[in-house]
Each structure stands twice: as C-alpha cells, then as structure tokens.
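S.K.: Protein sequences, first through last, are from chains A and B. Numbering follows the numbering used here, with no gaps: position 342 of the first sequence is 1498. Numbering follows the numbering used here, with no gaps: position 98 of the second sequence is 309. The beta carbon of each residue, even a glycine, is placed where N, CA and C say it ideally should be. None of the values given here were measured: they were computed from a predicted structure. Mind having a look at this structure? Questions to follow.
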Amino acid sequence: MNRLRRRPLAFWAGLAAAVLSLLVPIALNDSQLTVYVFIGLSVIVVAGLSLLMGFAGQVSLGQAAFYAIGAYTAAILTRALEVPPLLSLAAATAFTAVVAVAVGLPLLRLRGHYLAFATLAFQLIVLSVIGEARGLTGGDTGMPGIPTLSIGPLAIQGQYRTFIYAYVTWVLVAAVLLFNRNLVRSRPGRGLRALATSEAGALAAGVPVVRYKLQVFALSAAYAGLAGGVYAFFVSYIAPGSFPVLLSVQFLIMAAVGGLGSIWGSAVGATVVYLLVQLLQSLGTGPGLPPQLPAILSYAVYGLVLVLIMLFLPQGLLPAIQGRISARRAVSAVESPARLARLD
Amino acid sequence: MLEARGLTRRFGGVVAVDDVSVGVAAGELAGVIGPNGAGKSTLFHLIAGHLRPHGGRVSFAGRDITREPPDRRARLGIAIAFQAVRLFRGMTVLENVMVGAHAWTHHGFWEAFLRLPRHRREEGEILARAERALERAGLGEAADRLAESLPLGQQRTVQIARALCADPRLLLLDEPASGLRAGERERLADLLRGLKEEGLSMLLVEHDVAFVTRLASRITVLDHGRVIAEGPAEQIRDDPAVIAAYLGRSRERADGA
Ligand SMILES: Nc1ncnc2c1ncn2[C@@H]1O[C@H](COP(=O)(O)OP(=O)(O)OP(=O)(O)O)[C@@H](O)[C@H]1O
Ligand SMILES: [Mg+2]
C-alpha cells in the first residue's frame, strides 16, 4: 500500500497533536477541563458529520437530535432501569444508529437542502417528544441526578472527576478518528468517496450506493449518540434546552470549518469554533449588557464564519493549511498535492 | 452470455430505443454502430441497468436481470466504460481503478474499521489487480495523478481500467477510442484484441466504423432507435440501408451548416 501511504510530515504533525492533546489536561484548571471535555465531545459528533457531508454528500441539520437521543437513552437506562453506565453508553450508541436507519431509509432519497430541512424537522420532533414524555424524560424541566460513568465499583468522581472525564473523552476521540481513517482507506471508504462525485459511476463499479449512504448516516448518528451519552454522564443533568437547533448548526459549521471529509480537520474545526463561541459569549455577558446578547452574537458569528469559509476556504481550514504546506514542498505543478493530502 | 430482447425506451416523445434486440455470445466481441442520436448509449444504459426499459427484457448468463439495479449487475459481471466519462474527482487514477474491485470483494464498514483479516487480504488483492489493470491499459505512469487532471481521452481509458479491475464477464465499451490520438487508438485496439483472446465478451460502440469492423465479428446498426441492419462486419459495410443512414445524416448535417 505504499502509494496510498501518508506523507511523513502529516504523520509527525498528527503525532505531535496527539501528544500535545494528551498533555494539555495536566495544565488545565477545572473549568478549562470542562471546556476540554465539551470540545472533545464536539469533535466526535463532527467526525461523523464530516464523513456524512464529505462522502455521502448529504447535509444533516439534525445532528443535535442524535446527540439528544444518545444522552436520554444513556440517562434513562442508568437512572430508571439501573443498567450499568458503560453498558448504557454502548446501548445508547447502538440505539441512536438504529433510529438513524429508520429515519434515513425514507430521508436519504431526498437530495441537498431537502434532507437538511427533513433532518431539521426530525430534530424538532425529537425535542417535542422529549418534552411530552414527562414520565420518562422529566419533560421540559429535564432529568437531574444522572449517575456518573463507572466500571464496577470504580466510579468517576471526587477531586479528579473532570480530569478523568477529559481522558475518557480523549480516548474516545482518538478511537473515532482512527476508525474514520481506517474506513477511508478501505474498500467501503473508496466506495463512499466515489459516490460523492458520481453516483452512476459508483453504481457501475458495483458500489451499493443507497446502502452505503444509509451506513454513513447511521455511523454519524452513532458517533453523536456516543458523545451524547458521555455528555449526560458528565453533566449529570439534561433537558430539551441542552440540545437546541443552534447546536446542530454549530456542529455543521464546525464540520465546514474543519473541511468536509477531512478526518483530522474535524478536530481542528470543532476546537476553533468552540473556542471562538466561548470567547464571544464571555465578551457578550459583561455587566450592563442585554442578556440576549450572547445568543445574538453566536448566531451572527455562525453566519459570518460560514460566509467567510465559503468565500475563502471552501475546502475547509485544515485542508487549506495542508495544501499550503505541500504546495511549497511539491516538485511538480501537474499533480495537486493539496487535494491528495486532503484525506489524510 | 448477453441476450437483450425487444428493448424500448422513450424520453418524452422521443423513442430513443425502439424494440431493439442484441446478443453477445461467450467470448465474442460484438459491435454497435449508428449515426449521432441513434440510441447506442441509451441501449448501453439499459443493458447496464442505469435506465429502466419501457419494454423488453435483458438476460445475462441465463438469468433474467431486467429488474436488477446497476450495482447488482456489476457484481454479476457486467462492466461499462461510459461515453460521458464518470470518474471520481479528488481520487487518484489508481484509487479510481480500485473502486472497480467492488464487484468481487466483500468487506464492509466493520472489517475496515477494525482492520480484520478479510480487509487486509482483500486490500492486497485489490491493489494488485488495480495495478495490473492500469498497466494493461497503458496508464501505469499516471497511477498517482488525480483522475480529473488527465485529458478526456485518457479518462476514458481509466474507465476501461476500472472496468477491468472488476474482473467482468461482459465489458460494455461506449466509444472508448474517441479523444485518443492515433498511437493510443492502436494501443486500445491491441488491448481489446488481447482481451478477446482471453475469452472476455465485449460489446463495442464506436463512431469510427473502420475501428469496429476491424475488431468485431458481428455488427448491429442502429438508426433512430431501430435496428436497420445486423450481420458480419464485411456484409454491413456494403449494406445499402446502412450507407443510406450514414449518407443521409451527413447530408442533413451539410444542409444544416
Ligand atoms: N436522459 C435523456 N433525456 C432525454 N433524452 C435523451 C436522454 N438520453 C438520450 N436522449 C435522447 O435519446 C436519443 C438517443 O440518444 P443516445 O445518446 O442514446 O444516442 P447515441 O447513439 O449514443 O448518440 P451519440 O453517437 O451522439 O453518442 C437522442 O435523441 C437523445 O437526445
Ligand atoms: Mg452515445
């Protein structure tokens, strides 16, 4: 597989990023660690969305719905049914994927912005179902007292709670990114990349286009469900308000910033956008400022970021940077290393 | 091998393919010719499953495949190189060709995720076959270039390599020589002859009538969606109906210009 092997530079950059992200939690205080966990959970969701949008060419505006389904499934299983947390997390991930298959069967026949609207509608339905099913979900007041993650008698709690969650999230992020990388460089991965540019060509080559689309949709939902489950255990209180439509928009923008179909770009996009939003929220919540300001600011920023990305970096932040670097190192101008490096 | 009977396909008022029957025997290279808009590409799309026929049946290796979707037909052994090139952008020539191996490989998401044995084994086989297909098509040099960066003629040849990587039993070639220079044309003719000797069944559409008559044992001539002549190559060349169709068209074109 020499031809497909990644350039050494990208490998070292990836390794450096991995080591750095592993060391960072040691230097962070508790509230910074909380941000670290939230960024990690966003990376997991975005890693799935980026596959869906970049490879199946489908836009989902309802990814926060899958996040919510994962969170509520994990919470209900552990709290009401006393299922061990780790098992609940696995069940939440699997259940979210099953819901995605059921929803995706009819929806994936829609193209472009129709699917975006349909997934948006799906999220609104999910939120109102959660709001109505008070007996199970606590309705609009939410579900408090969700147990923390534990393995047998070992529970994540006490002084180092957030610190340990940071590493749990890190491991999941690493696993998800590694999964994606493995997928992209494989038979099904090539099939997905193929169907993104020519469905007829892919079909003629024997790629089961509809099944593959459904599978990435389910995969992206499973990632979101997994992240949602961890979120529920971490914050121990969830309500419909934790999963607004704005969150779906945020995931979408993170994916666009990172570069659709760019695996490591998901991590970059999620981090950059999350920190930017945090920064603006802290600016917008000073004394004497109207309480709606943060929300207005985040909408404004989302819109602005999206426009800027489309204008200047249509292929996303990380691929653009990679392109710069490899263009400088390239010997021949005929090949386009920027595009070649894109999937690494 | 292939048996298409009474195929009909309309687009609005236009009957693009009208009650057409063609067949390809095992190991045969059959040709289809006809003037522009005669319905050749439409016929190919019906055979490969990209269009639904409004009438008629297609059977392949003794099995009725009229209702099978194109990806299933690919798995059964039908490969196609389109006239309107359909390659995958952002992927190298080699990767494009490797996609063709979907037809005979099996591993899916889980096996790829977890790097299970079947994934490892198949990936090795896919790469080996793809490289061989590229060499045969004379594109070994271009393996690492992006498919869309090649000239259109060579992109058609990449499609042939992709089709060969599928290890097909029937190869449909829709104007594979168009856009190729004289030397490349010769190479293509040699490749097709070689494939024929190995026993691959092929159906070839070409505008270059000389190119087809040199290679094909039997030729079907289409005009306005209908079969106007059918038979051995030598006989077709002298068929008055065929000459009339071609001359008529070129006269129409001359008048229009
Ligand atoms: N998708 C389509 N929608 C509408 N009309 C179509 C479509 N495809 C083909 N046609 C029409 O069907 C007729 C046959 O077209 P087809 O492409 O099969 O001809 P062809 O013999 O391959 O021509 P050429 O030699 O130019 O490739 C033409 O009149 C064409 O305009
Ligand atoms: Mg044609």
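Between B/Gly349 and chain A, is the shortest Cβ-Cβ distance under 8 angstroms, so that the two count as touching?
M.R.: no
S.K.: For the segment 269-289 of chain B, which residues have a beta carbon sitting closer than 8 angstroms to at least one beta carbon of chain A?
M.R.: Pro280, Pro281, Asp282, Ala285 and Arg286
S.K.: Return yes when the Cβ of B/Arg373 is within less than 8 angstroms of the Cβ of B/Val416, no when it is not.
M.R.: no
S.K.: Buried or exposed for B/His265, going by 16 or more other Cβ atoms inside 10 Å?
M.R.: exposed
S.K.: Identify whether B/Glu445 lies in helix, strand or coil by the three-state DSSP scheme.
M.R.: helix
S.K.: Measure the C-alpha to C-alpha separation of B/Ile258 and B/Gly349 and round it to an integer number of angstroms.
M.R.: Taking the CA atoms as reference points, B/Ile258 sits about 27 angstroms from B/Gly349.
S.K.: Quick one: Cα of B/Asp450 to Cα of B/Ala440, how far?
M.R.: In a straight line, the C-alpha of B/Asp450 is about 8 angstroms away from that of B/Ala440.
S.K.: Determine the extent of the beta strand (DSSP E) in which B/Gly217 is found, giving its start and end residues.
M.R.: Leu213 to Phe222
S.K.: How about A/Gln1214 and A/Ala1380: do their beta carbons lie closer than 8 angstroms?
M.R.: no
S.K.: Mind checking if A/Val1329 is an interface residue toward chain B, Cβ cutoff 8 angstroms exclusive?
M.R.: no
S.K.: Taking 8 angstroms as the threshold (C-beta atoms), are B/Ser412 and B/Glu214 in contact?
M.R.: no
S.K.: Return the chain-ordered list of same chain residues with a C-beta closer than 6 angstroms to the C-beta of B/Arg437, the five sequence neighbours on each side being excluded.
M.R.: Same-chain partners within the cutoff: Asp229.
S.K.: Mind pulling the chain A residues with CB within less than 7 angstroms of B/Ile291?
M.R.: Ala1360
S.K.: My understanding is that A/Ala1383 touches A/Tyr1223, with C-beta atoms under 8 angstroms, so please give their C-beta distance in whole angstroms.
M.R.: 6 angstroms
S.K.: Taking 8 angstroms as the threshold (beta carbon to beta carbon), is B/Ala311 in contact with chain A?
M.R.: According to the sequence as given, residue 311 of chain B is Gly; it is not Ala. Yes - at least one Cβ of chain A is within 8 angstroms of the one on B/Gly311.
S.K.: According to DSSP, B/Val308 sits in a beta bridge with which residue or residues?
M.R.: Answer is none; B/Val308 lacks a bridge partner.
S.K.: Please name the residue in A/Ser1306, A/Leu1197, A/Phe1335 and A/Phe1251 whose C-alpha comes closest to that of B/Leu327.
M.R.: A/Phe1335
S.K.: So with CB distances below 9 angstroms, who are the chain B contacts of A/Gly1260?
M.R.: The contacting residues do not exist; A/Gly1260 stays about 15 angstroms from chain B at best.
S.K.: Please determine, among B/Phe222, B/Leu357, B/Gly260 and B/Ser232, the residue with the shortest C-alpha to C-alpha distance to B/Ala285.
M.R.: B/Gly260
S.K.: Considering only residues of the segment 234-310 of chain B, which uninterrupted alpha helix (DSSP H) runs meet the minimum length of 4 residues and lie entirely inside it, listed in chain order?
M.R.: 251-259, 281-287 and 304-310
S.K.: How big is the Cα-Cα spacing for B/Gly223 and B/Arg263?
M.R.: 14 angstroms
S.K.: Nearest chain B C-beta to A/Phe1335 closer than 8 angstroms, yes or no?
M.R.: Closer than 8 angstroms to some Cβ of chain B, the Cβ of A/Phe1335 qualifies, so yes.
S.K.: Report whether the distance from the Cβ of A/Ser1342 to the nearest heavy atom of ligand 1 is below 7 angstroms.
M.R.: no
S.K.: Pick from B/Val453, B/Met212 and B/Arg329: whose alpha carbon is nearest that of B/Ile276?
M.R.: The closest CA to that of B/Ile276, considering only B/Val453, B/Met212 and B/Arg329, is found on B/Met212.
S.K.: Considering only the alpha carbon of each residue, which of A/Ala1227, A/Leu1207 and A/Ala1356 lies closest to A/Ile1419?
M.R.: A/Leu1207
S.K.: What's the C-alpha gap between B/Val233 and B/Leu357?
M.R.: 37 angstroms
S.K.: Let me make sure I understand the geometry here. Which of A/Asp1296, A/Thr1441, A/Leu1179 and A/Ala1476 has the alpha-carbon closest to that of A/Val1327?
M.R.: A/Leu1179
S.K.: From the beta carbon of A/Gln1406, is the nearest beta carbon of chain B less than 8 angstroms away?
M.R.: no
S.K.: Relative to the C-alpha of A/Ala1374, which candidate in A/Trp1168, A/Gly1204 and A/Phe1194 has its C-alpha closest?
M.R.: When only C-alpha atoms are compared, the closest one is A/Gly1204.
S.K.: Which chain B residues are close to A/Arg1265, counting only those with a beta carbon under 9 angstroms from its beta carbon?
M.R.: None at all; the shortest Cβ gap to chain B is about 14 angstroms.
S.K.: State whether the segment 304-318 of chain B contacts the segment 330-347 of chain B, with contact taken as three or more CB pairs (one from each stretch) at a distance under 8 angstroms.
M.R.: yes
S.K.: Between the alpha carbons of B/Ala314 and A/Ala1360, how many angstroms are there, rounded?
M.R.: 9 angstroms
S.K.: Examine chain A for any beta-carbon lying closer than 8 angstroms to the beta-carbon of B/Phe422, and answer yes or no.
M.R.: no
S.K.: Going by the CB atoms, is the gap between A/Val1259 and A/Phe1278 shorter than 8 angstroms?
M.R.: yes
S.K.: For ligand 1, is there any heavy atom lying closer than 7 angstroms to the beta carbon of B/Ser252?
M.R.: Correct: B/Ser252 has its Cβ closer than 7 angstroms to ligand 1.
S.K.: Counting only beta-carbon atoms, is B/Thr253 nearer than 8 angstroms to chain A?
M.R.: Cβ-Cβ to chain A under 8 angstroms: no for B/Thr253.
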